[in-house]
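One line per chain: the protein sequences are A and B, in this order. For the first sequence, the working numbering begins at 1 and goes up steadily by one. For the second sequence, the working numbering begins at 1 and goes up steadily by one.
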Amino acid sequence: MLTLTHLAKTYPNGTQALGGINLTVAAGEIVAVIGGSGCGKSTMLRLIAGLDHPTAGSVKVDDLVIDQPHPAVGVVFQEPRLLPWLSIADNIGFGITDLPRAEREQRVSRALTRIGLADYGRHWPRELSGGQAQRVAIARALVAQPKVLLLDEPFSALDAFTRLSLQDALLSLWAAQKPTLVLVTHDVQEAVALADRIIVMQPHPGRIFLDIPVDLPRPRDRLSDDFFRRERQVLRALDGSLTVDSDPAKADADNGQTNAAAMWW
Amino acid sequence: MALTDTSDTPAEARLGPDTVPQTSQPSEASSGWAKSWQSLAIAVSLPVLIALFWEAAVALGWIEGRLMPPPSRILGTLYDLAVNDQLWVHISVTLGRVAAGFGLGVLAGTVLGALAGYSGLARKLLDPTLQGLRAVPSIAWVPLFILWFGIFEESKIALIAVGVFFPVYLGVMAAIASVDRKIVEVGRVFRLSPAAMVRRILLPAILPSYVIALRSGLGLGWMFVVAAELMGASEGLGYLLYDGQQLGKPDQIIAAILTFAVIGKLTDSLIVLVTRPLLAWQDGFVRQ
Chain A
1 MLTLTHLAKT
11 YPNGTQALGG
21 INLTVAAGEI
31 VAVIGGSGCG
41 KSTMLRLIAG
51 LDHPTAGSVK
61 VDDLVIDQPH
71 PAVGVVFQEP
81 RLLPWLSIAD
91 NIGFGITDLP
101 RAEREQRVSR
111 ALTRIGLADY
121 GRHWPRELSG
131 GQAQRVAIAR
141 ALVAQPKVLL
151 LDEPFSALDA
161 FTRLSLQDAL
171 LSLWAAQKPT
181 LVLVTHDVQE
191 AVALADRIIV
201 MQPHPGRIFL
211 DIPVDLPRPR
221 DRLSDDFFRR
231 ERQVLRALDG
241 SLTVDSDPAK
251 ADADNGQTNA
261 AAMWW
Chain B
1 MALTDTSDTP
11 AEARLGPDTV
21 PQTSQPSEAS
31 SGWAKSWQSL
41 AIAVSLPVLI
51 ALFWEAAVAL
61 GWIEGRLMPP
71 PSRILGTLYD
81 LAVNDQLWVH
91 ISVTLGRVAA
101 GFGLGVLAGT
111 VLGALAGYSG
121 LARKLLDPTL
131 QGLRAVPSIA
141 WVPLFILWFG
151 IFEESKIALI
161 AVGVFFPVYL
171 GVMAAIASVD
181 RKIVEVGRVF
191 RLSPAAMVRR
201 ILLPAILPSY
211 VIALRSGLGL
221 GWMFVVAAEL
231 MGASEGLGYL
241 LYDGQQLGKP
251 DQIIAAILTF
261 AVIGKLTDSL
271 IVLVTRPLLA
281 WQDGFVRQ
């Protein structure tokens, strides 16, 4: 279980990026975090990863306080960030060099098969397409078997078609290990397709605006009416989150009115 | 426009599943060889033409062969120097000086460059002074080095080391300062110790620039060994130049120049050859 308690971050220049967040994510749950720019999504992710220190509050994975990078928390960045001088297999095994060789090789080859790159272990990162490289990055984070996997807009740099295939790949990788996923995204459809819960955030300072459960059965049909209804609900919430002094209750009410700004989103 | 999933079209699908990645494929390799022979032939044709013209011009009496020795006489001089072992002595002496100066220059350049690249304080402390010293034309050090180190080996090696130092220092400093912060963060996520961070992230990341720095350093090393040996030496390729001038033997001067060119190119290729396996991951390295 991932627990954020009064988590706040103020940068030395006085910018209050995150204003005291409380959030509990159950083990194995998939949470999408969505919100306009400057709402503290990435800051929150960096704090959970232990890459930055909070000004106040704490991050816990089960009973473990995270204040620096920890094996229990894996990270996938927006760019694959593969090490160009290592083969694909060595990139995937980069974080588990302390394991016995046999164990390491077994995990790496299993991961290569799962991401559909079984024959590419000895290739260089430069030989991969953007989508393949991002799969390798996800595999690199997952072979260390973290309890929580953080993804910071992992598919935003990919074309629409590749993005869909990677979303499905992520779901099947997740199903094999069931880590807790926290996915920061700009893409409402992606959030509805993947998440059990969608956290809508609000800027100045970054805080949680709405927590929307997505109880659609998996696999989800992106073209179903239920799916569209969720998408609309999230769009409306997003729209509300950008209005100053907005009232979550109003934004949450699915009153069927078409909102001009929601269409713009 | 058709939607094609590029993510599943491997960039190197034409390679077999277990082949080690390489930029040129087997089928291209043979035509690649033919191409490189062709470009070699084109490259060589100009000097060969000049040599033939030169030879003919001297034979026909258009130019005087005494100051403009024809290629045949230069080759004869090279041959004579080679058979009585003199050439090898001169080459090995010069090579030894370059090696010693290069070693010292690389060592100092690497250590100080790493310090200045890694720590902002060290950079603020070292860099202005070193940049100031770099502005001094290196030959200007010669009189001082001769006073300090004498006229024998030490002053020559010191001069070469100064020449090698600056490109290596600058190259290492720039390379470290420009290591991608995002890649370093990957190391942080996987909790690398400072030593592991250097070994697994920083060193491989700076290696390509380091090789370039070493090659420019070596180039300057060859430049400065000539300067050092012209100042006064009894052996070495630079001495052959000086001796040729003093005794009016232009063929010997040109023979020494040619030897410099060949040895310089060989040592540069040696660096490339030794580091090539370490840089195989680089885009386009093989194609270079």
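For every residue, glycine included, the Cβ atom is placed at its ideal position computed from N, Cα and C. These numbers come from a predicted model, not from an experiment.
Asked: May I ask which residues mark the beginning and end of the alpha helix (DSSP H) holding histidine 123 of chain A?; Found: Run containing histidine 123 of chain A: none; DSSP gives neither H nor E here.
Asked: Within 8 angstroms, do at least three Cβ pairs link the region 157-170 of chain B to the region 211-228 of chain B?; Found: yes
Asked: Less than 9 angstroms separating the beta-carbons of isoleucine 176 of chain B and tyrosine 118 of chain B?; Found: yes
Asked: Is there a Cβ of chain A sitting closer than 9 angstroms to that of isoleucine 176 of chain B, yes or no?; Found: no
Asked: Consult DSSP for histidine 204 of chain A and reduce its assignment to one of helix, strand or coil.; Found: coil
Asked: Using beta carbons (cut-off 9 angstroms, strictly below), is leucine 23 of chain A in contact with chain B?; Found: no
Asked: Hey, could you find the ends of the beta strand (DSSP E) leucine 278 of chain B is sitting in?; Found: Where leucine 278 of chain B is concerned, there is no enclosing beta strand (DSSP E), given that its DSSP letter is neither H nor E.
Asked: On the criterion of 16 or more Cβ atoms from any shown chain inside 10 Å, does serine 37 of chain A qualify as buried, or is it exposed?; Found: exposed
Asked: For alanine 193 of chain A, which option in A/Gln177, A/Gly206, A/Leu166, A/Gln202 has the closest C-alpha, if you only look at C-alpha atoms?; Found: A/Leu166
Asked: So is the beta-carbon of valine 33 of chain A under 8 angstroms away from any non-hydrogen atom of the ligand ATP?; Found: For the ligand ATP, the structure offers nothing, since it holds no ligand at all.
Asked: Would you verify that the beta carbon of valine 58 of chain B is, or is not, closer than 9 angstroms to some beta carbon of chain A?; Found: no
Asked: Which chain B residues are close to glutamate 153 of chain A, counting only those with a beta carbon under 8 angstroms from its beta carbon?; Found: In chain order: nothing, as chain B lies at least about 14 angstroms away.
Asked: Would you mind telling me which residues of chain B sit closer than 7 angstroms to alanine 49 of chain A, beta carbon to beta carbon, in chain order?; Found: Val189
Asked: Could you tell me which residues DSSP puts in a beta bridge with glycine 19 of chain A?; Found: A/Ala8
Asked: Leucine 202 of chain B: which of A/Val200, A/Leu83, A/Phe209 sits nearest, CA to CA?; Found: A/Leu83
Asked: Would you give the residue range spanned by the alpha helix (DSSP H) that arginine 60 of chain A belongs to?; Found: The question names arginine, yet the displayed sequence has lysine at residue 60 of chain A. Not the alpha helix (DSSP H): lysine 60 of chain A falls in the beta strand (DSSP E), residues 56-61.
Asked: I'd like to know if leucine 2 of chain A contacts chain B, where contact means its C-beta is closer than 9 angstroms to some C-beta of that chain.; Found: no
Asked: Could you check if phenylalanine 94 of chain A is buried or exposed, using at least 16 other CB atoms within 10 Å of its CB as the buried criterion?; Found: buried
Asked: Under the three-state reduction of DSSP, which class applies to glutamine 152 of chain A: helix, strand or coil?; Found: Rather than glutamine, the amino acid found at residue 152 of chain A in this sequence is aspartate. Looking at aspartate 152 of chain A - three-state DSSP - the assignment turns out to be strand.
Asked: Give me the DSSP bridge partner(s) of aspartate 211 of chain A.; Found: A/Ile199
Asked: What does the alpha-carbon distance come out to for the pair leucine 2 of chain A and proline 154 of chain A?; Found: 20 angstroms
Asked: Residues of chain A with a CB under 7 angstroms from the CB of isoleucine 183 of chain B: which are they?; Found: Arg81, Leu83
Asked: At a CB-CB cut-off below 9 angstroms, which residues of chain B make contact with valine 75 of chain A?; Found: Glu185, Val186, Val189
Asked: Going by alpha carbons, who is nearest to threonine 97 of chain A out of B/Arg66, B/Ala196, B/Ala261?; Found: B/Ala196
Asked: Would you say glutamine 233 of chain A reaches chain B, if we count a Cβ-Cβ gap shorter than 9 angstroms as a contact?; Found: no
Asked: Would you call the region 60-77 of chain A and the region 185-193 of chain B in contact, with 3 or more CB pairs under 8 angstroms?; Found: yes
Asked: Indicate whether serine 42 of chain A and valine 188 of chain A have their beta-carbon atoms separated by less than 9 angstroms.; Found: no
Asked: What would DSSP say about isoleucine 30 of chain A, mapped onto helix, strand or coil?; Found: strand
Asked: Judging by CA-CA distance, which residue of A/Val33, A/Glu29, A/Val108, A/Leu23 is the nearest neighbour of serine 241 of chain A?; Found: A/Val33
Asked: Name the residues in the region 63-92 of chain B whose C-beta lies less than 7 angstroms from a C-beta of chain A; which are they?; Found: none
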